[in-house]
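All the letters of the sequence shown, read from the start, carry residue numbers 1 to 147 under full-length UniProt numbering.
Have a look at the structure below before the remarks.
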Amino acid sequence: MIHKLRKRHLMMWKVLFLLLVLGLIGSWALRPVFPTGELVGEATPEPEGKILQEYQAGGIKVNLRGGQQVEQLELNVLVPIKSPMATVFWTEKDKTVRMAGQIGKRGVYRFPVPKEMPYDGMVVFDPLKGDTLGVVQFQKAKNGSGL
């Protein structure tokens, strides 16, 4: 190698080393920081009372919990649903009345039951695909006190 070529070769390696160091520093400085305290959603509340009624809707187990009256709707997603989220609606006489909440692919989800509870069922609906994932019609309690 002649002197000029050797000098250019050494300079090229110095520039490559400098670019490598700057790339590492840049990748460390520009790494994404995800918001942890600002995530939408709340922690699943503790189960209230005992299971009063139990249903199965597709891969979702539905429990109605409470003491004397139903106080909580509990959904346990046993088989992961194919969409990233689904919406749970209360139904009354086969009509969708009110949204209870949203569920994800898997896990246990609990929603409060309205005090007046005029609803006789629930529907799990996938708004992205427009599919109904599960339908549950609640049974009336044997003692005649609501659900």
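All C-beta atoms in this analysis are idealised placements derived from N, C-alpha and C, irrespective of residue type, glycine included.
Please read all numbers here as calculations on a predicted model, not as lab measurements.
CA-CA distance, residue i and residue j?
{"i": "Tyr55", "j": "Lys61", "result": "6 Å"}
{"i": "Leu133", "j": "Val33", "result": "35 Å"}
{"i": "Val123", "j": "Phe89", "result": "5 Å"}
{"i": "Leu39", "j": "Met12", "result": "Its pLDDT being 43, under 50, Leu39 is placed unreliably in this model, and the coordinates cannot settle the point."}
{"i": "Ile51", "j": "Leu64", "result": "6 Å"}
{"i": "Arg31", "j": "Val21", "result": "16 Å"}
{"i": "Ile25", "j": "Arg6", "result": "29 Å"}
{"i": "Leu16", "j": "Gly23", "result": "10 Å"}
{"i": "Tyr109", "j": "Ser27", "result": "38 Å"}
{"i": "His3", "j": "Ala29", "result": "39 Å"}
Can you check which of these residues, the options, is closest to residue i by C-alpha distance?
{"i": "Glu46", "options": "Phe111, Val123, Lys129", "result": "Phe111"}
{"i": "Leu128", "options": "Lys115, Gly104, Val136, Val108", "result": "Gly104"}
{"i": "Gly59", "options": "Glu71, Ala86, Thr91, Arg6", "result": "Ala86"}
{"i": "Arg106", "options": "Asn76, Arg31, Lys4, His9", "result": "Asn76"}
{"i": "Gln69", "options": "His3, Thr91, Lys115", "result": "Lys115"}
{"i": "Gln102", "options": "Ile81, Glu71, Lys95, Leu16", "result": "Ile81"}
{"i": "Glu92", "options": "Asp126, Val108, Val135", "result": "Val135"}
{"i": "Ser83", "options": "Phe125, Tyr109, Lys95, Val97", "result": "Phe125"}
Given residue i, which residues of its chain have a CB within under 6 Å of its CB, disregarding the five upstream and five downstream residues?
{"i": "Gly67", "result": "Gly49"}
{"i": "Ala57", "result": "Gly134, Val136"}
{"i": "His9", "result": "none"}
{"i": "Arg98", "result": "Trp90"}
Please go through the same chain and pick out, in chain order, the residues whose beta-carbon is closer than 7 Å to the beta-carbon of residue i, but skip the five residues on each side of it.
{"i": "Ala100", "result": "Leu73, Val88, Phe89, Trp90, Phe111, Met122"}
{"i": "residue 164", "result": "Residue 164 lies beyond the residue range present for the chain, which begins at 1 and ends at 147; the question has no answer from this structure."}
Can you name, in chain order, every residue of its own chain whose Cβ lies under 8 Å from the Cβ of residue i, other than the five neighbours on each side?
{"i": "Leu19", "result": "none"}
Just to check, is the beta-carbon of residue i closer than 7 Å to a non-hydrogen atom of the ligand FMN?
{"i": "Pro32", "result": "This structure does not include the ligand FMN; it has no bound ligands of any sort."}
Unbroken stretches of the beta strand (DSSP E), 3 residues or longer, contained in the segment 74 to 135: 85 to 92, 95 to 104, 107 to 112, 121 to 126
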